[in-house]
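Working notes for the structure below.
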Amino acid sequence: MNILVCIKQVPDTTEIKIDPVTNTLIREGVPSIVNTFDQYALEMAVQIKDKDPDTKVIVASMGPPQAEVAIKTCLSVGADKGYLICGREFAGADTLSTSYIISRSVEAIEKLEGIKFDAIFCGKQAIDGDTAQVGPEMAEHLGIPQITYAIEAEFVENKLRVKRETEDGYEIREAACPCLITVTKPAFEPRYATVKSKMAANRAKIPMLGVADMDIDVERCGLKGSATKVKKTFVPVRNKNGIKIKEETPEESVAKLVELLTGAGVI
Amino acid sequence: MDNKNLWVYIEQSYGEPKSVGLELLGPGRMLADKVGEKLVAVIIAGDASKAAAAAIAYGADEVITCEGPEYEDYNTDAYAPALEALIQEFKPSVMLIGATSHGRDLGPRVACHLKTGLTADCTSLDRDVETGKVQWTRPAFGGNLMATIECPNDFPQIGTVRPGVFKKGAKDESRTAPITKFDFHVSEDQIHAKLIERIVDAGAELVKLEDADIICSGGRGLGKPENFSLVQALADAIGGVVGSSRAAVDAGWISHAHQVGQTGKTVAPKLYIACGISGAIQHLAGMSGSDCIVAINKDPDAPIFEVANYGIVGDINTVLPALTEAIKKLKA
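Next up, the structure:
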């Protein structure tokens, strides 16, 4: 089976701080990581490869040249090969345009590799944009079925059988291949790289795909191909002027809290 | 432009309307009134009658339904073509969809098919009265940054809206509104991803965080996994559900089903009690929309206090049992 895993390099949002003077995000010095949910998607694909060594796991990422580092990280934890989708025409793309660009790269990668993908695995969402839209929109561009919020996946004959999370519990769904799934937090954790696998990944050449390498309509790329525009951004105001209680004993503190909560009609 | 009227997609499960669609009729009314449009509820279901009645009671001017046995279970391959056909037929200007797993599965598929913009997981909505453009405001970077987004040239303008952000309005069962039935069907061979089995979590495993009015959450500050029993006791006394931070889940103290935050559930209960939770930005992203937040933490500088309406600086081991006792007395 051939699996394409789509990944994104994102800033580690746990490391982001707010500049108290300008009230903006401080991104300098914030480490970049492979998006958490994409790590789960990759691990899910690599586990399928562990069971069936004929499986090929290829990674694709759209981003600036430095996103090569994220692809190399994926190579160090089990991906066979990675492609970087990169070009200034792609800058400023919203989810509609991003999903279009990545979907066009699928065919290009298939041609270069001489294979057809049986499934595309994406993370549920990127932890920077948090939209959860690129996966399903890619499936629509490609005209293939999707299963979102997957926590387990296995190939059964020419189908992908997926356990997915819902608000009420779980569902088992089966999609005809080729199909696309988006992966949420599964029961397992992604594996670690070894020193040897890291060194091998660092030596790997990451091929780049630009507009010239794909059958793509440039008008649908980047800012001009985007249906949505960001009008403004701002840092949320957090200070609710909360009341901090610190009485002599826990009982007194609790009594005051209960008084305040009942007074405010909360309980 | 030909497109007019504001649609609210009323999500249902086996005929029962989900709360989120009814919640969205509130902001839907506000956005429709700004430009003098009708508020229309749209329902795709095996049987839409219950959801239609609820949508009318909560303020819809009109209801459009698309019914058939193929819509009994939610399925992307049936629902997406149906919603696309509905939009192409009736041409709404705006559509609001609940940002549930159902809405976030369906929304992108439909928006992409129609080559229009979709704004994800909005928490605040407004509309420019001059241009009729909805101002979609949403959190990004795990809640560190807010962005206001417009869809300037394409129709309909679509957004998914976070459940629980807007509260359901008053219900008026005497209201009436016309219901239009739209006849559109999807054949069996168009369904490529099939539902094989539903596993509804029953009993102890069922953690209905999204629907809870009160959530009592525990974090690593509890000190040890056994102390979740203190959180459970408080939840039992106050009539709440137990949630947790990611740190407590990662430590193996409690299952992921309880996790609130960016990689867990997003909640907005009436009361959120954070016990021994420091307040990492990812956790805040999942609960800062709660009506009232109480924080109990021994570290007076914990960021959780920045979002808390009320905070007790103190030791979980003594504060929690005292609070549980006080609540029991209050309820007795």
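So the sequence lines, in the order shown, correspond to chains A and B.
Quick note on our numbering: the first sequence kicks off at 1 and runs consecutively.
Quick note on our numbering: the second sequence kicks off at 268 and runs consecutively.
Glycine residues also receive a C-beta, built at the ideal position from the N, C-alpha and C atoms.
Since the model is a prediction, treat every value here as computed from it, not as a measurement.
In the DSSP assignment, find the unbroken beta strand (DSSP E) run with residue i in it and report its ends.
i	result
Arg173 (chain A)	Gly169 to Ala176
Glu601 (chain B)	Outside the shown range of chain B, which is 268 to 599, sits residue 601 (chain B), and nothing can be said about it.
Met62 (chain A)	Lys56 to Met62
Cys122 (chain A)	Ala119 to Gly123
Met362 (chain B)	Val361 to Gly365
Glu268 (chain A)	Because chain A spans 1 through 267 in this model, residue 268 (chain A) falls outside it and cannot be assessed.
Arg376 (chain B)	Segment Ser368 to His380 is the alpha helix (DSSP H) holding Arg376 (chain B); no beta strand (DSSP E) there.
Pro11 (chain A)	Gln9 to Pro11
Gly510 (chain B)	Val508 to Ser511
Leu180 (chain A)	Cys179 to Val183
Taking Cβ-Cβ distances shorter than 7 Å, what residues in chain D pair up with residue i?
i	result
Thr530 (chain B)	This model lacks chain D altogether; the protein chains it does include are A and B.
Rounding to the nearest angstrom, what Cα-Cα distance links residue i and residue j in this structure?
i	j	result
Glu304 (chain B)	Gly426 (chain B)	17 Å
Arg442 (chain B)	Ile331 (chain B)	16 Å
Thr194 (chain A)	Thr398 (chain B)	56 Å
Thr415 (chain B)	Thr367 (chain B)	20 Å
Val134 (chain A)	Thr228 (chain A)	14 Å
Ala322 (chain B)	Ala308 (chain B)	6 Å
Glu15 (chain A)	Phe188 (chain A)	24 Å
Ser316 (chain B)	Lys185 (chain A)	36 Å
Glu28 (chain A)	Leu84 (chain A)	23 Å
Gly470 (chain B)	Leu587 (chain B)	Note on Gly470 (chain B): pLDDT 45, under 50, position unreliable in the model; the coordinate value appears next. About 25 Å.
Leu261 (chain A)	Lys434 (chain B)	20 Å
Met199 (chain A)	Asn158 (chain A)	36 Å
Lys537 (chain B)	Gly288 (chain B)	19 Å
Asp506 (chain B)	Tyr192 (chain A)	The question names Asp, yet the displayed sequence has Gly at residue 506 (chain B). C-alpha separation (whole angstroms): 42 Å.
Tyr338 (chain B)	Ala378 (chain B)	20 Å
His380 (chain B)	Ile101 (chain A)	15 Å
Ala349 (chain B)	Ile310 (chain B)	10 Å
Cys283 (chain B)	Gln499 (chain B)	A small fix is needed here, since residue 283 (chain B) is Glu in this sequence, not Cys. Going from the Cα of Glu283 (chain B) to the Cα of Gln499 (chain B) covers about 30 Å.
Gly581 (chain B)	Gly143 (chain A)	56 Å
Lys51 (chain A)	Met138 (chain A)	27 Å
Ala319 (chain B)	Ala444 (chain B)	9 Å
Gly82 (chain A)	Ala312 (chain B)	42 Å
Pro236 (chain A)	Gly129 (chain A)	16 Å
Ala201 (chain A)	Asp80 (chain A)	10 Å
Lys8 (chain A)	Asn35 (chain A)	6 Å
Tyr230 (chain A)	Pro492 (chain B)	What sits at residue 230 (chain A) in the sequence shown is Val, not Tyr. Answer to the nearest angstrom: the Cα atoms are 44 Å apart.
Over what stretch of residues does the alpha helix (DSSP H) that includes residue i continue unbroken?
i	result
Ser197 (chain A)	Val195 to Arg203
Ser391 (chain B)	It is not in any alpha helix (DSSP H) - Ser391 (chain B) instead sits in the beta strand (DSSP E) that spans Ser391 to Arg394.
Pro294 (chain B)	Ser286 to Lys301
Ser103 (chain A)	Thr95 to Glu113
Pro588 (chain B)	Ile583 to Lys598
Ser76 (chain A)	Glu68 to Ser76
Gln39 (chain A)	Thr36 to Lys51
Cys221 (chain A)	It is not in any alpha helix (DSSP H) - Cys221 (chain A) carries neither H nor E in the DSSP assignment.
Arg429 (chain B)	Looking at the DSSP string, Arg429 (chain B) is not in any alpha helix (DSSP H), and its letter there is neither H nor E.
Ala126 (chain A)	Run containing Ala126 (chain A): none; DSSP gives neither H nor E here.
Leu258 (chain A)	In the sequence as presented, Leu is not what sits at residue 258 (chain A); that position holds Val. Looking at the DSSP string, the run of the alpha helix (DSSP H) that includes Val258 (chain A) is Pro250 to Gly263.
Ile323 (chain B)	Ser316 to Ala324
In this structure, what does DSSP give as the bridge partners for residue i?
i	result
Trp520 (chain B)	Trp520 (chain B) is not bridged to any residue.
Leu353 (chain B)	DSSP lists no partner for Leu353 (chain B).
Phe234 (chain A)	B:Met413
Arg405 (chain B)	B:Ala414
Leu306 (chain B)	B:Leu273
Ile85 (chain A)	A:Met62 and A:Leu209
Ile560 (chain B)	B:Tyr539
Report task. Check whether the stretch 577-592 of chain B touches the stretch 294-305 of chain B, counting contact only when three or more Cβ pairs, one atom from each stretch, lie closer than 8 Å. Result -> Using a Cβ-Cβ distance cut-off of 8 Å, the stretch 577-592 of chain B and the stretch 294-305 of chain B are not in contact, since fewer than three pairs of beta carbons, one from each stretch, lie closer than that value.
Requested in this report: Please name the residues in the stretch 314-345 of chain B whose beta-carbon is closer than 7 Å to at least one beta-carbon of chain A, in chain order.
Outcome: Thr343 and Asp344
Query - Cβ pair count under 8 Å reaching 3, the stretch 169-177 of chain A against the stretch 507-517 of chain B - result: no
Requested in this report: Taking only beta carbons into account, state which residues of the stretch 358-375 of chain B come closer than 7 Å to chain A, listed in chain order.
Outcome: Thr367, Ser368, Arg371, Asp372 and Pro375
Query raised in the report: If you measure beta-carbon to beta-carbon, which residues of the stretch 215-237 of chain A are closer than 7 Å to chain B?
Result: Listed in sequence order: Ala227, Thr228, Lys229, Val230, Lys231, Lys232, Thr233, Phe234, Val235 and Pro236.
Query - Contacting positions in the stretch 374-395 of chain B - beta carbon closer than 8 Å to chain A - result: Gly374, Pro375, Arg376, Ala378, Cys379, His380, Lys382, Thr383, Gly384, Leu385, Thr386, Ala387 and Asp388
Query raised in the report: So, do the stretch 54-61 of chain A and the stretch 90-97 of chain A have three or more beta carbon pairs nearer to each other than 8 Å?
Result: no
**Report entry** Stretch-stretch touch, CB-based, cutoff 8 Å, three pairs: the stretch 391-406 of chain B with the stretch 112-129 of chain A
**Finding:** Judged by Cβ distances under 8 Å, the stretch 391-406 of chain B makes no contact with the stretch 112-129 of chain A, as fewer than three pairs qualify.
Query raised in the report: According to a CB-to-CB cut-off of less than 7 Å, which residues of the stretch 569-580 of chain B neighbour chain A?
Result: Phe572, Glu573, Val574, Ala575, Asn576, Tyr577, Gly578, Ile579 and Val580
**Report entry** chain A contacts made by the stretch 406-429 of chain B, where a contact means CB separation under 8 Å
**Finding:** Pro406, Ala407, Phe408, Gly409, Gly410, Asn411, Leu412, Met413, Ala414, Thr415, Ile416, Glu417, Cys418, Pro419, Asn420 and Asp421
Query raised in the report: Using 8 Å as the threshold, is the stretch 377-394 of chain B in touch with the stretch 402-420 of chain B, meaning 3 or more CB pairs across them?
Result: yes
Requested in this report: Residues of the stretch 135-158 of chain A with a CB closer than 9 Å to any CB of chain B: list them in chain order, please.
Outcome: Gly135, Pro136, Glu137, Met138, Ala139, Glu140, His141, Ile144, Pro145, Gln146, Ile147, Thr148 and Tyr149
Report task. Compile a chain-ordered list of the residues in the stretch 107-138 of chain A whose CB is closer than 7 Å to at least one CB of chain B. Result -> Going along the stretch 107-138 of chain A in chain order, one finds Ile127, Asp128, Gly129, Asp130, Thr131, Ala132, Gln133, Pro136 and Glu137 with a Cβ nearer than 7 Å to chain B.
Query raised in the report: Do the stretch 212-219 of chain A and the stretch 545-565 of chain B make contact, defined as three or more Cβ pairs closer than 8 Å?
Result: no
**Report entry** Selection of the stretch 9-34 of chain A by Cβ proximity to chain B, strictly under 8 Å
**Finding:** Pro11, Thr13, Thr14, Ile16, Ile18 and Leu25
Report task. For the stretch 549-562 of chain B, enumerate the residues whose C-beta is nearer than 9 Å to any C-beta of chain A, in chain order. Result -> Gln549, Leu551, Ala552, Ser555, Asp558, Cys559, Ile560, Val561 and Ala562
Query raised in the report: Can you find at least 3 beta carbon pairs, one from the stretch 159-173 of chain A and one from the stretch 458-467 of chain B, that sit closer than 8 Å?
Result: yes
Query raised in the report: Counting Cβ pairs closer than 8 Å, one from the stretch 371-384 of chain B and one from the stretch 135-149 of chain A, do we hit at least three?
Result: Short answer: they touch.
Query raised in the report: Mind listing which residues of the stretch 84-103 of chain A have their C-beta closer than 9 Å to chain B's C-betas, in chain order?
Result: Asp94, Thr95, Leu96, Ser99 and Tyr100
Query raised in the report: If we count Cβ pairs, one from each stretch, closer than 8 Å, do we get three or more for the stretch 443-453 of chain B versus the stretch 337-356 of chain B?
Result: yes
Query raised in the report: Quick check: the stretch 69-81 of chain A against the stretch 17-25 of chain A, are there 3 or more CB pairs under 8 Å?
Result: no
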